[in-house]
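See structure below.
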Amino acid sequence: MPTKKIIKKKKEEKKPKKSTPTKIVKKENPQKSEQPSGEQRNAKGVRIPALLRGMKDILPKDEGVWKKMYHTAENISEAYGFGRIQTPVLEEASLFIRSVGRGTDVVDKEMYVFEDRDLAKICLRPEATASVARAYIVHGMVSLPQPVKMWYFGSMFRHDRPQAGRYREFHQFGAESIGDRDPVNDAELIVTAFNFLKELGISPVLHLNSIGTADDRAKYLVELSGYLRTKRSYLCEECKKRLLKNPLRVLDCKNEQCQSTIEESPQIVDSLSESSRNFFMKVIEYLDDLSVPYVLRHTLVRGLDYYTDTVFEFYEEETGEGSAQSALGGGGRYDGLVEELGGRPTPGCGFALGLERVAYAIKRNLDKEVKTDVKAKNNQVYFAQLGEQARRRALYLIEDLRHAGTVTYHNLSKTSLKNQLELANKYECPYTLILGQKEVQDGTIIIRDMESGIQEIVDQKKLKSILDKKIQSLTNA
RNA sequence: GUGGCCAUAGUGAAACGGUUAUCACGCGAGUUUGUGGAACUCGCAGUACGGGUUCAACUCCCGUUGGCCACCCCA
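In numbering that gives the first Met the number 0, the protein residues as written are 0 to 476.
In structure tokens:
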């Protein structure tokens, strides 16, 4: 009722403004413009809090997907012998500047950096590999059996321009294997990620390449830019800029004009040292043994500085690499990282998958095969009650059911049975328990099958066992 | 960070330079308080924000904010 009055007032206020000469309106303006623009207010003029740009609430309705991703990640990681590590969201900014690298967009343009109260530079982690490497050093994991295998699942932050499947806070599932330079580790990591995706009903396509050691890359860079410079006139405008800034990126250009030039360009594989080439061959062999399909893509270069040798990315089968957000994740080897961060020279490799994109892919698949989305609501029960006495008794019985692990819905504040049955229906509960005056007196309760409408009066003491049986038979069917 | 498209109740849509912004879903309250998935009645909630043009702006123009798309980059 009060809102009505307010609305009327608001409208009344508006009218005179419209009819008054502009001069008066202008006088009122400065007062209004003191408020920040772009904000929303309700009818009472109370500011409605907004979501920060690029941030997203994950709502109860999405929980199914997230729960599934978490459980799958946990099961698979543990099956492959990884232990979960949880590192802080906040880290020293220098950790990432040293590892990911100055000059990368992630560090230069996208990192959330703040001054702490003691003026130290801290940041919201943009990725987790550096944190895991830091933990490896700080906790003396050198003295554990090598490699040390760890997985993580959590939020990362990058101040990028938001788009579908790209948020400023996003979640990654990843795993690292630190302390052993053997191609089996690379292969194992890849299968882990691959199986995770497959388990979730996604058909992943693996793109694979090797970028060798830092020396190999330096050599290749000279060769590549030399080649590109001779073809400079054939390149698009963008690529001419890339040629100066980051020649490797030219290889990624989607411009048709550049494609033919790129195809004939020197390939990084040819610049690899003997050991890197052998290493890469081994990785490929192991993947064959594990029957993991892959596509060798010599143009694949990753954006973070710490990668060496093996690099890979996952795409969803049908989307391919066509659109910008189709990459589900990637990873690679980083043999110099631990040393770069002040630890002993220690090899390592890992992967990270973008869970928002994985969730996206899962949902797309569900839409396609409509029926896959059969939700298990079989284990939930609705409790309806009638009358004050019944309500009190209900409180106790519901408590009991919940202790026994039965998901019990209720709206004890409702008084009409009709109302409650309607809600039971909306919650999609297969059974409703009905407790009225009469049942309280007799110590019984009604179990109503919501689909058939068949009701059964049972002793309250036997409720749990009877209900369990019914639920059992539902889940089995 | 660059460029483009967009912005109407919680959701999805409609409307017009001019009466009180319409519809569906949703949510709430009822249709003689012991029976839902149907119907009916009533109610809730909106032109993102700020400015300009105009007698008159949800509608046209500018700015801001946000979303989407492409680039950049990446997950």
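We put the beta carbon where it would ideally sit given N, CA and C, even for glycine.
query: Under the three-state DSSP convention, the category Asn410 falls into; result: coil
query: Nearest neighbour of Ile201, chosen from Ser325, Ser209, Ala217 [CA to CA]; result: Ser325
query: Cα-Cα separation, Asp107 to Ser93; result: 12 Å
query: Own chain, CB closer than 8 Å to Ile136, minus 5 neighbours either side, in chain order; result: Val337, Leu340, Gly341, Gly342
query: Straight-line gap, Lys370 to Asn364 (C-alpha atoms, nearest Å); result: Confidence is the limiting factor: at Lys370 the pLDDT is only 41, short of 50, which leaves the residue's position unreliable, though a coordinate-based value still follows. About 11 Å.
query: Assigned exposure category for Leu271 - 16 Cβ within 10 Å defines buried; result: buried
query: C-alpha distance - Tyr395 paired with Leu473, whole-angstrom precision; result: 26 Å
query: Nearest neighbour of Ile189, chosen from Asp214, Arg216, Glu284, Arg167 [CA to CA]; result: Glu284
query: Other residues of its chain near Val204: CB distance less than 8 Å, five sequence neighbours each side excluded; result: Pro292, Val294, Phe313, Tyr314, Glu315, Glu316, Gly319
query: First and last residue of the uninterrupted beta strand (DSSP E) at Tyr285; result: Per DSSP, Tyr285 belongs to no beta strand (DSSP E); it is in the alpha helix (DSSP H), 273 to 288.
query: Bridge-paired residues (DSSP) for Gln454; result: Arg447
query: Length of the line joining the Cα atoms of Ser264 and Arg216; result: 15 Å
query: Inter-stretch contact (C-beta, 8 Å, three-pair minimum) for the segment 302 to 313 and the segment 97 to 107; result: yes
query: Span separating the alpha-carbon of Leu289 from that of Leu352; result: 20 Å
query: Same chain, Cβ closer than 6 Å to Lys148, five either side skipped, listed in chain order; result: Gly80, Phe81, Ser176
query: Other residues of its chain near Arg231: CB distance less than 8 Å, five sequence neighbours each side excluded; result: Lys239, Leu242
query: Assigned secondary structure, Met54 (DSSP; H/G/I helix, E/B strand, else coil); result: coil
query: Local Cβ density within 10 Å of Phe113, reported as buried at 16 or more and exposed below that; result: exposed
query: Chain-order list of residues whose beta-carbon lies under 7 Å from that of Pro146 (same chain, five-residue window excluded); result: Ser176, Ile177, Gly178, Asp179, Asn184
query: Rounded C-alpha distance that separates Pro344 from Val221; result: 27 Å
query: As assigned by DSSP and simplified to three states, the class of Ser130; result: helix
query: Assigned secondary structure, Asn208 (DSSP; H/G/I helix, E/B strand, else coil); result: strand
query: Rounded straight-line distance, which links the Cα of Leu51 to that of Pro29; result: Its pLDDT being 34, under 50, Pro29 is placed unreliably by the model, and the measurement read from it follows with that caveat. Between Pro29 and Leu51, the C-alpha separation is close to 26 Å.
query: Bridge partners - Ala174, DSSP secondary structure assignment; result: Trp150, Phe350
query: Distance, Gln39 Cα to Lys14 Cα; result: Residue placement at Lys14 is poorly supported in this model, since its pLDDT is 34, which falls under 50; the coordinates still yield a value, given next. Approximately 21 Å between the Cα atoms of the pair.
query: Between the CA atoms of Arg160 and Ala186 - distance to the nearest angstrom; result: 34 Å
query: Segment limits, alpha helix (DSSP H) that includes Val106; result: 104 to 107
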